[in-house]
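Residue numbers (mature numbering (1 follows the signal peptide of the UniProt record, and there is no 0)): -20 to -1, 1 to 599. Think of the CB as a built atom: it goes at the ideal place given N, C-alpha and C, for glycine as much as any other residue. To start, the structure itself, in structure tokens.
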């Protein structure tokens, strides 16, 4: 889980691409989904399929979709599954498991039909689907169509053409990275070359609120669903426009795409997963965020969107065979999450400092947060081993891709610049890898390190063996020293002001900080009387909002002395279930803590260190 003030999760799809020149005139699969006929939060899916030669075939919905790193079993949301011949007579169907149906007399198969329940508010057993990877059915309001939740494939027949027809309510618009092949009345038709491409193309249907930005030769669609009209697509576009322009410059002045879609759903209540974040695809990203004003959301959207958008490099243009030929029901994982997620997360922050959107102190704060977050994970576990086992054995270590994964690439960037006299870094490396490979040409998992070494320097092979493929701790002191920064993993003990060592979360419905856990609460916290689920209303008379929370906490840390009064008002649920405001008071205590991850610019860096820092972050 990636935490930014409160619980955000960035669950990221490693995309699969398999492109043909043009789909044939008669698609192999012809799907129709009717959004005008919703029954009990379910919609019907109908499929006309090309003639089959086998006597038995299996129809699948995915067990897992690439990048979500969880076995979601999308077939469990399907009911009323039927297969029929051309005369409408039913064929025998056997349910093999949660995600597959065996159809007998398949040589007579003409039509498959079933109903699908949405995942966002389901009560079905099994792992809950993180909302950006799931499906939403809100009759006459909004439909989030992550296509893997509605459409499937016949065994060994994923790489054939698809036609998808979406029947939409009057006044609705379909936001998607796809272009419609035709619009007939209230039906949108899309043609796709494979199941892989279909899964890579989410759709959001609702009454339109969209805007288009022109950036680096690409059309950037921003589509937003704000149930209470709190924020508009135009406002979001204004906020992320400078970030997209900076990314364009970071990528050399031109984007390697023609169209990209930001699909943004804003919750006006707490989502069932309790998490907020985004899911990325080749040419789009889907966001599930709280319904705040554009000002309140701006930095969050910039931080998350920056990461998502950089996936147009990896894995769109750079990916392994495991990803290119992804098996949706028996996946084999790549060992290079340090590249897909780690590099992307590094780019998301590095771009901001290098292009002048943030200064060095702000960037240092971002890096320090990653150090502290990475401390929660096993630092001796080789990153490639974790990547291969992230679905099962090392599932609890996966989120380290956003922490240590980014730090791996920070060190790699500095190392490359050291070896090249500042002229070559990971930006250059990614451009070279994109030229070597591309969306239609995957690399072999076991060869990537050797390929990168040939493109760069022999020392980089040693770097990968020791710190990515091996168990050694990253050479952080050495790397930071090269750019004139002193780094200390442990800086000794100091006394600091404590608010009680409570863990904070966030309630999107009330827009308040909430005490998520008191498991590590210290003596001062116990004296204050905190309880889990308390929601913070004010601190020392200052109302706490999403807009001022950082300022309130910063002032508390910087201005409060041991022995000062702390008065906190919390909203607490009473025995009658009604909310009441409770005043908590105590004398502030200082506690002894271990300082970790300290780094600061050297007082007298050498000209070489200054030059390398300039090449690294342009500051």
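Status (buried if at least 16 other CB within 10 Å, exposed otherwise) for residue i
| i | result |
| --- | --- |
| residue 586 | exposed |
| residue 593 | buried |
| residue 77 | exposed |
| residue 315 | buried |
| residue 295 | buried |
| residue 547 | exposed |
| residue 543 | exposed |
| residue 66 | exposed |
| residue 186 | buried |
C-alpha distance - residue i paired with residue j, whole-angstrom precision
| i | j | result |
| --- | --- | --- |
| residue 75 | residue 84 | 11 Å |
| residue 340 | residue 599 | 7 Å |
| residue 487 | residue 494 | 6 Å |
| residue 352 | residue 567 | 28 Å |
| residue 49 | residue 177 | 19 Å |
| residue 274 | residue 349 | 25 Å |
| residue 225 | residue 244 | 20 Å |
| residue 212 | residue 135 | 43 Å |
| residue 428 | residue 330 | 23 Å |
| residue 536 | residue 504 | 15 Å |
| residue 208 | residue 189 | 12 Å |
| residue 35 | residue 22 | 31 Å |
| residue 403 | residue 394 | 11 Å |
| residue 468 | residue 580 | 9 Å |
| residue 523 | residue 59 | 49 Å |
| residue 166 | residue 287 | 35 Å |
| residue 214 | residue 373 | 44 Å |
| residue 232 | residue 338 | 19 Å |
| residue -6 | residue 306 | Here residue -6 scores only 31 on pLDDT, less than 50, and its place in the model should not be relied on; the value that follows carries that caveat. One C-alpha to the other measures close to 9 Å. |
| residue 410 | residue 280 | 26 Å |
| residue 94 | residue 18 | 13 Å |
| residue 62 | residue 240 | 36 Å |
| residue 453 | residue 175 | 41 Å |
Simplified DSSP assignment, three categories, for residue i
| i | result |
| --- | --- |
| residue 364 | helix |
| residue 479 | coil |
| residue 304 | helix |
| residue 526 | coil |
| residue 391 | helix |
| residue 292 | helix |
| residue 341 | helix |
| residue 4 | Only weak support is given to the placement of residue 4: the predicted model assigns it a pLDDT of 48, under 50, and the value that follows is read from those uncertain coordinates. Looking at residue 4 - three-state DSSP - the assignment turns out to be coil, as it is neither helix nor strand. |
| residue 404 | coil |
| residue 396 | helix |
| residue 194 | strand |
| residue 31 | coil |
| residue 210 | coil |
| residue 183 | strand |
| residue 493 | strand |
| residue 77 | strand |
| residue 146 | strand |
| residue 130 | coil |
| residue 420 | coil |
| residue 297 | coil |
| residue 539 | helix |
| residue 161 | coil |
First through last residue of the beta strand (DSSP E) which encompasses residue i
| i | result |
| --- | --- |
| residue 567 | 559 to 567 |
| residue 552 | 545 to 553 |
| residue 268 | 264 to 270 |
| residue 230 | Not the beta strand (DSSP E): residue 230 falls in the alpha helix (DSSP H), residues 213 to 230. |
| residue 111 | First-last for residue 111: undefined, no H or E at that position. |
| residue 198 | 198 to 205 |
| residue 10 | 9 to 19 |
| residue 432 | Looking at the DSSP string, residue 432 is not in any beta strand (DSSP E); the run it does join, the alpha helix (DSSP H), is 428 to 435. |
| residue 152 | Neither: residue 152 is in no beta strand (DSSP E) and is coded neither H nor E. |
| residue 95 | 91 to 97 |
| residue 64 | 58 to 64 |
Chain D within 8 Å of residue i, Cβ atoms only
| i | result |
| --- | --- |
| residue 98 | Here there is only one protein chain, and chain D is not present. |
Integer Cβ distance of residue i from residue j, believed to fall under 8 Å
| i | j | result |
| --- | --- | --- |
| residue 198 | residue 235 | 4 Å |
| residue 38 | residue 80 | 5 Å |
| residue 32 | residue 143 | Wrong, their Cβ atoms sit about 17 Å apart, outside the cutoff. |
| residue 551 | residue 492 | 7 Å |
| residue 26 | residue 12 | 5 Å |
| residue 529 | residue 561 | With 8 Å as the limit, residue 529 and residue 561 do not qualify as a contact, their Cβ atoms being about 18 Å apart. |
| residue 563 | residue 549 | 5 Å |
Start-to-end residues for the alpha helix (DSSP H) that takes in residue i
| i | result |
| --- | --- |
| residue 508 | 503 to 508 |
| residue 327 | 324 to 334 |
| residue 575 | Run containing residue 575: none in the alpha helix (DSSP H); it sits in the beta strand (DSSP E), 570 to 581. |
| residue 589 | 587 to 597 |
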